[in-house]
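> I'd like to ask you about the structure that follows.
2 protein chains.
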Amino acid sequence: MPTETKKYTDKQELIAKFSNALGHPVRVAILQQLSKQSCCFHGDMAEVLPIANSTLSQHLKVLREAGLIQGEIDPPKTKYCINKENWNLAKGLMIGFFD
Amino acid sequence: MPTETKKYTDKQELIAKFSNALGHPVRVAILQQLSKQSCCFHGDMAEVLPIANSTLSQHLKVLREAGLIQGEIDPPKTKYCINKENWNLAKGLMIGFFD
DNA sequence: ATTTATGTTCGTAAATATACGAACAATATT
DNA sequence: AATATTGTTCGTATATTTACGAACATAAAT
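Have a look at this one:
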């Protein structure tokens, strides 16, 4: 049994987690692009975004770990897509949050 | 004239800024409380939240600087309220973002 | 003029985030 | 087998975030 007292509700933690993922403009840009066309390749994004390739990988990892996107390797390219289930979860939480 | 190229759109920067403010569960909790009852005192929040008083001040400052709340001193207490204009702006941006 | 109540600011420590290039991995092509 | 293409991971530097207690500020009450 957990002796640790939870400090925040699951919902609060989730809202914070998703919001955190949206907390950098380049990640907002990435998600806008992905949600517009559902999927796209790392390389396509790298051409447009003002950051190094390795930095893009890091941001994609943040979004992946927050559950908002998922990647699949299609060598030598990598295709990233919105994770629709979590996207909708986030959408619902944010709408609920703002009333 | 600005020689600096803007890297992101104003909308992307705004979404990131507001999201960033929501990126910590205690700030989510604070905003939930404030949006439920419109205003409340620092002390009332401090009683409920699992952080030191000084830490609460810091988080309130983050929310204030993001424009989501505003504080007014009513000595010796400080009353914080939702900044409705920016709250609605954020709401619209987030809803638009998630389609 | 002290003391009390309520928050804020300061100093500081530890953790996390952001950025880049170099090195690496995996596959396709030559 | 060697090369080229595409991304990821590693190493690293710098900046920001988060947290706390101590010190400070302000006004009311004694």
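Chains W and Y, in that order, give the protein sequences.
Residue numbers for the first sequence, in my numbering: 4 to 102.
Residue numbers for the second sequence, in my numbering: 4 to 102.
Just so you know, even glycine gets a beta-carbon here, dropped at the ideal spot from N, CA and C.
The structure presented is a predicted model; accordingly, all values stated were derived computationally and were not measured.
Per DSSP, which residues does E68 (chain W) bridge with? Please list them.
One-based indexing of the first sequence puts residue 68 (chain W) at position 65. Answer is none; E68 (chain W) lacks a bridge partner.
> Could you give the DSSP three-state label for K10 (chain Y): helix, strand or coil?
Here residue 10 (chain Y) is taken as the residue at index 7 of the second sequence, counted from 1. In the structure shown, K10 (chain Y) adopts coil according to DSSP, grouped into three states.
> Any idea if V31 (chain Y) is buried or exposed, counting beta-carbon neighbours within 10 angstroms, 16 or more meaning buried?
To locate residue 31 (chain Y), count along the second sequence from 1; it is residue 28. It is buried - the Cβ of V31 (chain Y) has at least 16 other Cβ atoms within 10 Å.
> Touching or not, the segment 72-82 of chain Y and the segment 35-53 of chain Y, by the rule of three or more beta carbon pairs under 8 Å?
Touching, yes.
> So for I76 (chain Y), helix, strand or coil by DSSP?
On the second sequence, residue 76 (chain Y) is found 73 positions in, with the first residue counted as 1. Correct three-state label for I76 (chain Y): strand.
> Are any of the Cβ atoms in chain W nearer than 8 Å to that of Y83 (chain Y)?
Here residue 83 (chain Y) is taken as the residue at index 80 of the second sequence, counted from 1. At a cut-off of 8 Å, the C-beta of Y83 (chain Y) has no neighbouring C-beta in chain W.
> As an exercise, report each continuous beta strand (DSSP E) stretch of at least 3 residues that is fully enclosed by the segment 39-67 of chain Y, in chain order.
42-44
> First and last residue of the alpha helix (DSSP H) that includes N91 (chain Y)?
Sequence index remark: in the second sequence, residue 91 (chain Y) carries index 88 (1-based). That run of the alpha helix (DSSP H) goes 87-100.
> Report all residues from its chain with a CB closer than 6 Å to the CB of E75 (chain Y); omit the five preceding and five following residues, and keep chain order.
Reading the second sequence from its first residue, position 72 is the one you call residue 75 (chain Y). Result list for E75 (chain Y): K82, in chain order.
> In whole angstroms, give me the CA-to-CA distance for N23 (chain Y) and D77 (chain W).
The residue given as residue 23 (chain Y) occupies position 20 in the second sequence. The residue given as residue 77 (chain W) occupies position 74 in the first sequence. Whole-angstrom Cα-Cα distance: 33 Å.
> Beta-carbon of V51 (chain Y) versus every beta-carbon of chain W: anything under 8 Å?
Taking the second sequence and counting its residues from 1, the one referred to as residue 51 (chain Y) is at position 48. Taking Cβ atoms only, chain W never reaches closer than 8 Å to V51 (chain Y), which makes this a no.
> Note down, in chain order, every chain W residue with its Cβ under 7 Å from the Cβ of A32 (chain Y).
Locating residue 32 (chain Y) in the second sequence gives position 29, where the first residue counts as 1. Y11, Q15, listed in chain order.
> Since I believe L71 (chain Y) is in contact with L17 (chain Y) (beta carbons under 8 Å), could you give me their beta-carbon distance rounded to a whole number of angstroms?
Numbered from its first residue, the second sequence carries residue 17 (chain Y) at position 14. Numbered from its first residue, the second sequence carries residue 71 (chain Y) at position 68. Not quite, the Cβ-Cβ distance comes to about 12 Å (not below 8 Å), so this is no contact.
> Using the Cβ count rule (16 or more neighbours within 10 Å means buried), how would you classify N86 (chain Y)?
The count along the second sequence starts at 1 and reaches residue 86 (chain Y) at position 83. Per the 10 Å Cβ criterion, buried.
> Whose Cβ in chain W lies nearer than 9 Å to the Cβ of H62 (chain Y)?
For the purposes of this step, residue 62 (chain Y) is taken as the residue at position 59 of the second sequence. Here the premise fails: no neighbours, minimum Cβ distance about 12 Å.
> Out of Y:L34, Y:L52, Y:D13, Y:H27, which one is the CA nearest neighbour of T8 (chain W)?
Position 5 of the first sequence holds residue 8 (chain W). The residue with the shortest Cα to Cα distance from T8 (chain W) is Y:L52.
> Any Cβ of chain W within less than 8 Å of the Cβ of D77 (chain Y)?
In the second sequence, counting from the first residue as 1, residue 77 (chain Y) sits at position 74. Closer than 8 Å: no.
> At a Cβ threshold of 8 Å, is S38 (chain W) touching chain Y?
Along the first sequence, read from residue 1 onward, the residue named residue 38 (chain W) stands at position 35. Yes, because at least one Cβ of chain Y sits closer than 8 Å to the Cβ of S38 (chain W).
> I'd like to know whether the C-beta atoms of K21 (chain Y) and K94 (chain W) end up nearer to each other than 8 Å.
If you number the second sequence from 1, residue 21 (chain Y) lands on position 18. If you number the first sequence from 1, residue 94 (chain W) lands on position 91. Looking at the sequence itself, residue 21 (chain Y) is Phe, so the reference to Lys does not match. It is not a contact, given that the beta carbons lie outside the stated cut-off.
> Is it true that the CB of Q15 (chain Y) sits closer than 8 Å to the CB of P28 (chain W)?
Here the question's residue 28 (chain W) lines up with position 25 in the first sequence. Here the question's residue 15 (chain Y) lines up with position 12 in the second sequence. Yes, they are a contact pair.
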